[in-house]
Amino acid sequence: MQGGKPMFDLSVLLNVEMQILIFFGLGLLLKKRGVTDGPIDAFLSTLILNLIMPVNIFLSFYRSVSVAVLKESLLLVLAGVIVVVLVLGMSRLLPKSMPLEKKRIAQYSMLISNGSLIGLPLIEGLCGSMGVVYANIFMIPTRILSFCSGEKYFNTEWKPAGALSVMKKFFFNPITIAMILGFLFNLARIPLPGGLDAVFSSLSGCMSPLALLLVGSTLLDRESTSMGLSKDIVQISLFRLIIAPFLTWIVGVALHLSTPQLIAAVLVNATPVASTATIFCRKYNGNTSYTSRCVFFSTVFSLFTLVLVSATMSMG
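Written out as structure tokens, the structure reads:
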């Protein structure tokens, strides 16, 4: 609470959370009835991450970002770096008795959230396009980490990549390109042609529904539900959904982030294990059952913890 006023209207939060729950339910129903399947989920994921989300981010930066906003957001990047370092350190505390393959999956699950597919729709509903901007700025350190070492958690033959290779992956990623172009177009006052602006707006409007339908659909993957819940998966989920956002809140308050920045940062880190974990695992023939269960159960738990975290922030 700042100045005696809640961070945001609780009724708006509940409305957004209800929309997310409905989209999850629709995604589950589509998978249950056979309308979607593994290949369709993979196509939707590729479409969202390589076209629809970059367009959404481009428009957010194009319409909302100025040099002044970027200067104000430097502390947000610092907060992202500090949180990544803290989580990295805590991920090293996993028990030595844990099998190496599972330990690497657990470490990735602790580090990388599903902030893009679940966090951004929630943040956009609560804070508008400016919230999307803040969330993407906060996620810069995490994305660099993901491009830098995401593979090492799943590929047993992984070798450290050079700094040039890491930077190439980061700067040539569609999301990074969208952020840079959106800011440059805004800075140069380059207007979008009417037709292109309308197309971009239509594509951008698809992001939240498609992303949430996709998450709901993937919840019924056979690998996710084939085995039960284990103690370590519960612990990973609790860290990802409760401890990580709490750490983020502490860092954000210590750095005196503005209210919208703090909301965006905390909600990004209050989301479940990133679905990219299963993509990496399948690519390198890892333990897909364990990885899928980490994603599945953390996503199910997040239906409750997101309400808890958001409501807690709204009250103070």
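In our numbering, the protein residues as written are 44 to 359. Note that the Cβ used here is the ideal one computed from N, Cα and C, for glycine as well. What you are looking at is a predicted structure, and each value in this text was computed from that prediction instead of being measured.
If the criterion is Cβ atoms closer than 9 Å, does the pair residue i and residue j meet it?
i	j	result
alanine 287	alanine 320	no
serine 159	methionine 173	no
isoleucine 155	valine 316	yes
valine 294	alanine 122	yes
serine 109	leucine 230	yes
phenylalanine 104	glycine 225	yes
valine 311	alanine 178	yes
asparagine 157	threonine 342	yes
isoleucine 364	methionine 250	Outside the displayed span of the chain (44 to 359) sits residue 364, for which this structure offers no information.
leucine 246	leucine 94	yes
valine 59	glycine 162	no
proline 184	valine 124	yes
valine 35	alanine 241	No answer is possible for residue 35: the residues shown for the chain start at 44 and end at 359.
leucine 56	serine 345	no
leucine 131	leucine 290	no
serine 152	arginine 283	yes
serine 260	leucine 73	yes
cysteine 176	valine 98	The sequence as given places valine at residue 176; cysteine does not occur at that position. No.
phenylalanine 67	leucine 262	yes
isoleucine 322	serine 134	no
tryptophan 292	methionine 210	no
lysine 195	arginine 147	yes
How would you call residue i, buried or exposed, if buried means at least 16 neighbouring beta carbons within 10 angstroms?
i	result
glycine 46	A caution first: glycine 46 carries a pLDDT of 44, below 50, which makes its placement in the model unreliable, though a value can still be read off. Burial call: exposed.
proline 234	exposed
isoleucine 276	buried
methionine 61	exposed
leucine 207	exposed
isoleucine 63	buried
glycine 238	exposed
aspartate 80	exposed
lysine 145	buried
arginine 186	buried
phenylalanine 197	buried
lysine 75	exposed
serine 244	exposed
serine 335	buried
methionine 44	Low confidence applies here, because methionine 44 scores a pLDDT of 41, under 50, leaving its location unreliable and the question unanswered by this model.
isoleucine 223	exposed
proline 138	exposed
proline 236	exposed
phenylalanine 347	exposed
valine 296	exposed
leucine 136	exposed
proline 142	exposed
alanine 221	buried
cysteine 324	buried
alanine 254	buried
arginine 232	exposed
serine 189	buried
serine 54	exposed
asparagine 328	exposed
leucine 349	buried
Is it the case that the CB of residue i approaches a heavy atom of the ligand GTP more closely than 8 Å?
i	result
valine 343	Here there are no bound small molecules, and the ligand GTP is not part of this structure.
Starting from residue i, follow its DSSP beta bridges and name the residues at the other end.
i	result
valine 316	Ser156
Using 8 Å for Cβ pairs, my map puts residue i next to residue j. What's the rounded Cβ distance?
i	j	result
leucine 256	glycine 70	4 Å
isoleucine 100	isoleucine 180	Not really, about 11 Å apart at Cβ, beyond 8 Å.
leucine 361	leucine 118	Given a span of 44 to 359 for the chain in the structure shown, any question on residue 361 remains unanswerable.
cysteine 337	isoleucine 285	Actually they are not in contact, since the Cβ atoms of cysteine 337 and isoleucine 285 sit about 15 Å apart, beyond 8 Å.
proline 252	cysteine 170	With a Cβ gap of about 18 Å, proline 252 and cysteine 170 do not count as contacting.
glycine 281	phenylalanine 340	Glycine is not the amino acid found at residue 281; the sequence shown has leucine there. Going by Cβ atoms, the distance from leucine 281 to phenylalanine 340 rounds to 11 Å, so no, they are not a contact pair.
(request) Scan the stretch 121 to 198 and note each continuous alpha helix (DSSP H) run of 4 residues or more that stays entirely inside, going in chain order. (result) 143 to 154, 163 to 181, 183 to 192
(message) Threshold first: 3 residues or longer. Then list the beta strand (DSSP E) segments lying entirely within the stretch 60 to 131, N to C.
(response) none
(message) Which runs of the alpha helix (DSSP H) at least 4 residues long sit entirely within the stretch 248 to 331? Give them in chain order.
(response) 265 to 268, 274 to 281, 287 to 297, 302 to 311, 319 to 326
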